[in-house]
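Residue numbers (our numbering): 2 to 488.
This report concerns only the one structure given below.
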Amino acid sequence: MIPGYAITEYPNTREIYAKMSRLLQLAPYKIKKDKMQQYLKYFEQKCARSKNLIQKAKKYIPGGVQHNLAFNYPFPLVITKAEGPYLYDIDGNQYIDFLQAGGPTLLGSNYAPVREKVIEVINECGPVTGLFHEYELKLAKEINKHMPAVEMFRMLGSGTESDMAVVRIARLATKKKKIIKLGGAYHGWSDQFVYGIHLPGTGRFEAHGIPSSYSKHTQEVFPNDIHALERQLRLNKLNGGTAAVILEPVGPESGTRPIDFEYNKQARELCDKYDALLIFDEVVTAFRLGMGGAQGYFKVKPDLTVFGKIVAGGYPGAGGVGGRRDLISYLAAGVESGKKRAYVGGTLSANPLSTAAGYYAIKEIERTDAAVKAGRAGDFLTKGLQKLIEKYELPFVAYNQGSICHLETVGTMFLKLNYLKIFKILKEIKKRKSAMEEFGAAYMAEGMVTLAGSRLYTSMADTPEILKDALSRFDRVFQNVYCDNSS
Ligand SMILES: Cc1ncc(COP(=O)(O)O)c(C=O)c1O
2 MIPGYAITEY PNTREIYAKM SRLLQLAPYK IKKDKMQQYL KYFEQKCARS
52 KNLIQKAKKY IPGGVQHNLA FNYPFPLVIT KAEGPYLYDI DGNQYIDFLQ
102 AGGPTLLGSN YAPVREKVIE VINECGPVTG LFHEYELKLA KEINKHMPAV
152 EMFRMLGSGT ESDMAVVRIA RLATKKKKII KLGGAYHGWS DQFVYGIHLP
202 GTGRFEAHGI PSSYSKHTQE VFPNDIHALE RQLRLNKLNG GTAAVILEPV
252 GPESGTRPID FEYNKQAREL CDKYDALLIF DEVVTAFRLG MGGAQGYFKV
302 KPDLTVFGKI VAGGYPGAGG VGGRRDLISY LAAGVESGKK RAYVGGTLSA
352 NPLSTAAGYY AIKEIERTDA AVKAGRAGDF LTKGLQKLIE KYELPFVAYN
402 QGSICHLETV GTMFLKLNYL KIFKILKEIK KRKSAMEEFG AAYMAEGMVT
452 LAGSRLYTSM ADTPEILKDA LSRFDRVFQN VYCDNSS
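Given below as structure tokens:
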């Protein structure tokens with residue numbers, strides 16, 4: 002255990018991969034038909050206003066919903082109230098919130114002390130002026146205080162924009178083009194990064210509408226294989242070099258494919274050896290793993306860090322880039338001619354609302370020790386899930402990296418792509434995805450919101466009582482599953 006950090010014990014990645022491969026050897030587990038019917042009835046009977054509104058929304062909004070994280074099965078719910086550990090839908094149903102909007106609400110939803118400060122700022126100067134506000138400095142200084150590697154910081158509108166900006170800086174600074182990412186990792190949806198997302202080895206699978214030239218210099222290597230990273234760096238050395246290696250320090254997709262504790266350090270050494278920059282995408286992990294972020298936890302100094310989510314305290318405008326002074330200087334704003342810069346912008350970037358929200362959220366996380374508390378909640382939840390898995394002798398896999406918890410019941414994201422058997426694999430993905438959707442819907446009908454039915458973020462607001470309650474809800478789902486050997 003590292004004092005001040007959310008992770009009590011770093012997960013044994015070998016064990017997780019072994020369990021995952023066992024899970025994948027079995028036919029997918031599903032929820033018993035009669036129980037699933039009951040869960041679907043819940044939506045029909047208790048969520049009528051959501052259903053009605055989404056029906057109307059479908060006419061004006063593609064798919065009837067704006068967020069990739071919104072659960073679509075059997076239909077998305079309309080949320081009207083958020084408070085601490087709970088969300089409430091338009092029909093008045095209460096849910097334990099393990100989605101946490103994808104990660105930013107570490108203090109709990111709609112946390113009053115931050116909200117009150119934000120309201121004060123808005124009352125005073127509105128959400129935007131286009132000119133400097135003192136909170137910009139306060140936020141940058143606060144981040145630097147906790148993450149010394151972030152010597153300078155520029156706030157941007159989102160994680161996606163910030164991931165674009167670091168690539169631009171890396172290419173300008175190194176005069177090289179190639180960017181290596183880990184297969185399956187999500188670094189936002191820019192043209193160059195819709196490459197190898199979700200499943201390793203998928204390359205341009207999702208790159209519809211993106212000309213191939215945009216991903217020409219993006220490369221993916223298999224996660225947690227340090228030799229594969231070195232091979233790629235070596236190969237690139239013969240071919241113009243590598244501008245940067247970009248990683249989520251807990252592994253792709255918030256550690257869905259966890260990487261060994263040593264991996265980050267080894268990646269740092271390889272970057273130094275091959276003269277490439279190391280970028281940590283800390284959109285999820287900054288402040289969630291502890292005040293020093295993943296870089297503090299792993300004790301590895303990246304050249305550049307990408308921020309999002311918590312950096313604006315759960316408020317809009319959640320993005321930013323920090324790192325070495327010489328590198329971040331390429332983002333110098335203002336009207337200054339003659340200097341080469343990595344061009345970024347944004348009418349609403351670094352506005353008083355986002356900067357004040359980020360500043361007060363970080364201060365509150367420090368004051369309340371929120372990252373550690375949320376991490377303990379993650380331990381409690383995960384241990385409870387592991388006990389349930391044992392109790393019902395299921396092949397499911399539960400592990401956590403502090404407040405980032407993973408519950409794999411079908412293992413879709415772990416399928417290995419084999420282009421020779423591509424149709425078989427695609428069929429398997431479809432089958433497992435639909436089982437995953439059913440699990441997500443079952444959790445929802447049991448009063449819990451999860452991320453895609455397989456990831457759960459805990460927050461400071463998740464007390465042992467709430468988590469015990471959640472575990473008894475999971476128990477009800479787990480006692481009603483079976484292995485579907487039918488196809
Ligand atoms: C690791 C990581 N990087 C980048 C992003 C993109 O951030 P945003 O959604 O703010 O564009 C996300 C979003 O979930 C993320 O998890």
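Glycine residues also receive a C-beta, built at the ideal position from the N, C-alpha and C atoms.
Q) Any heavy atom of ligand 1 within a distance shorter than 8 Å of the CB on G491? A) Only positions 2 to 488 of the chain appear in the structure, and residue 491 is not among them; the question remains open.
**Q.** Check: T161 C-beta below 8 Å from any heavy atom of ligand 1
**A.** yes
Q: Can you have a look at G294 and say buried or exposed, based on whether 16 or more other CB atoms are within 10 angstroms of its CB?
A: buried
Q | Assigned exposure category for A171 - 16 Cβ within 10 Å defines buried | A | buried
**Q.** CB-CB length for E409 against V398, believed under 8 Å
**A.** 4 Å
Q: Tell me, to the nearest whole angstrom, how far the beta carbon of T482 is from that of L395; I am working on the premise that it is less than 8 Å.
A: Residue 482 is actually Val in this sequence, not Thr. Yes, V482 and L395 are in contact; Cβ-Cβ is about 7 Å, under 8 Å.
Q. If you compare alpha carbons, which of V345, T219, I211 and P63 is closest to K179?
A. T219
Q.
Could you pull the DSSP bridge partners for L457 from this structure?
A. C406
(Q) Is the beta carbon of I311 closer than 9 Å to that of P114? (A) no
(Q) How far does the beta strand (DSSP E) with L157 in it extend, from its first residue to its last? (A) M153 to L157
Q | Residue of K177, K176 and S213 minimising C-alpha distance to F194 | A | S213
**Q.** Endpoints, the alpha helix (DSSP H) within which D164 is located
**A.** G160 to T175
Q | Length-filtered (3 minimum) beta strand (DSSP E) runs lying within the segment 258-294 | A | 278-282
**Q.** Pair within 9 Å by beta-carbon distance, G379 and S404
**A.** yes
Q: Would you identify the three-state DSSP class for K182, choosing helix, strand or coil?
A: strand
Q. If you draw a straight line from the alpha carbon of H68 to that of L100, how long is it in whole angstroms?
A. 12 Å
(Q) Given a cut-off of 9 Å on the beta-carbon distance, is the pair G385 and A462 in contact? (A) no
Q: For G315, count neighbouring Cβ atoms within 10 angstroms of its own Cβ and tell me buried if that reaches 16, exposed if not.
A: buried
Q: Return the first residue and the last residue of the alpha helix (DSSP H) that F440 is part of.
A: I423 to A446
Q.
What does the Cβ neighbour count give for R23, buried or exposed, with the cut at 16 atoms within 10 Å?
A. exposed
Q: Note down, in chain order, each residue of its chain lying with its Cβ closer than 8 Å to the Cβ of M437, except the 5 sequence neighbours on either side.
A: T410, V411, T413, A453, G454 and S455
Q: Within its chain, find whatever has a CB closer than 6 Å to the CB of L279; leave out the 5 residues flanking it on each side and keep chain order.
A: V246, R269, C272, P303 and D304
**Q.** Given R377 as reference, the closest of K142, G291 and G320 once Cα atoms are compared
**A.** G291
Q) Cβ-heavy atom distance between H526 and ligand 1 below 8 Å? A) Since the first residue shown for the chain is 2 and the last is 488, residue 526 is missing from the structure and cannot be characterised.
Q. Any heavy atom of ligand 1 within a distance shorter than 8 Å of the CB on A295?
A. no
**Q.** Closer than 8 Å: D164 CB and nearest ligand 1 heavy atom
**A.** yes
Q | Closer than 8 Å: K182 CB and nearest ligand 1 heavy atom | A | no
**Q.** Euclidean distance between Cα positions of V301 and S51
**A.** 46 Å
Q) Pairing CB atoms from the segment 51-61 with CB atoms from the segment 69-84, are three or more of them under 8 Å? A) yes
Q: Could you check if K374 is buried or exposed, using at least 16 other CB atoms within 10 Å of its CB as the buried criterion?
A: buried
**Q.** Three-pair Cβ contact test at 8 Å for the segment 152-161 versus the segment 181-192
**A.** yes
Q.
Considering only their Cβ atoms, is the gap separating Y40 from A442 smaller than 9 Å?
A. yes
Q.
Does the distance between the C-beta of V307 and the nearest non-hydrogen atom of ligand 1 fall short of 8 Å?
A. yes
Q | Residue range of the unbroken beta strand (DSSP E) whose run includes G320 | A | G320 to G324
Q. Do the CB positions of I329 and F133 come within less than 9 Å of each other?
A. no
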